[in-house]
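Counting from 1, position 103 in the sequence shown corresponds to residue 103 in this note's numbering; the numbering is continuous, with no gaps.
Beta carbons are placed, not taken as given, at the ideal position from N, Cα and C, and that holds for glycine.
Presented below is the structure to which this report refers.
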Amino acid sequence: MNPVGWFEIPVNDFDKAKKFYEGVFGVEISVNVVGPLKMGWFPMDNMDKYGATGSLVQGVGYTPSSCGVIIYFSVPDIEASLKKVEALGGKTLLAKTDIGEYGFMAHFLDTEGNHVAFHTAAKM
């Protein structure tokens, strides 16, 4: 199996996108420049944990889009997370939806126009 190494979310307005994601998740996104790319990395405490980290990326060839791959962020409370999305300028596309034994999901547009999603596991 080839697990996801990391993901990149394209942005045009880097500072606005950084503020949005920091507000939604209550984290600090670390900024660095890698060659021609400005990148803002989501924190990852332990590389042995479940999941992958990723970054906001501003650069040539990185265009925000509502079409294509959808990244699902695991959150403990979808409704609270969607409220943050709306308060910070994003837009709910699909409200909290029951997906049976797999838990719940919801979709939203970020401030850059990227289609992103939340997932919460089913209670055992």
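For Thr111, the closest of Glu8, Asp15 and Gly5 by C-alpha to C-alpha distance is Asp15. About 11 Å separates the beta carbons of Ser55 and Met44, which is beyond the 8 Å limit, so they are not a contact pair. For Leu82 and Asn32, the gap between their C-alpha atoms comes out near 28 Å. In the same chain as Val4, and ignoring 5 residues on each side of it, the C-beta atoms closer than 6 Å to its own belong to Ala52, in chain order.
Between Val11 and Val75, the C-beta gap is not smaller than 8 Å, which leaves the two residues out of contact. Looking at the DSSP output, Phe108 shares a beta bridge with Thr92 and Val116. The criterion of a C-beta distance shorter than 8 Å is not satisfied by His107 and Ala122. The C-beta separation of Thr120 from Gly100 comes to about 13 Å, leaving the pair out of contact by the 8 Å criterion.
A direct Cα-Cα distance of roughly 18 Å separates Ile9 from Leu93. By the CB criterion at 8 Å, Lys96 and Ile70 fall outside the cutoff. In the structure shown, Val27 falls within a coil segment according to DSSP collapsed to helix, strand and coil.
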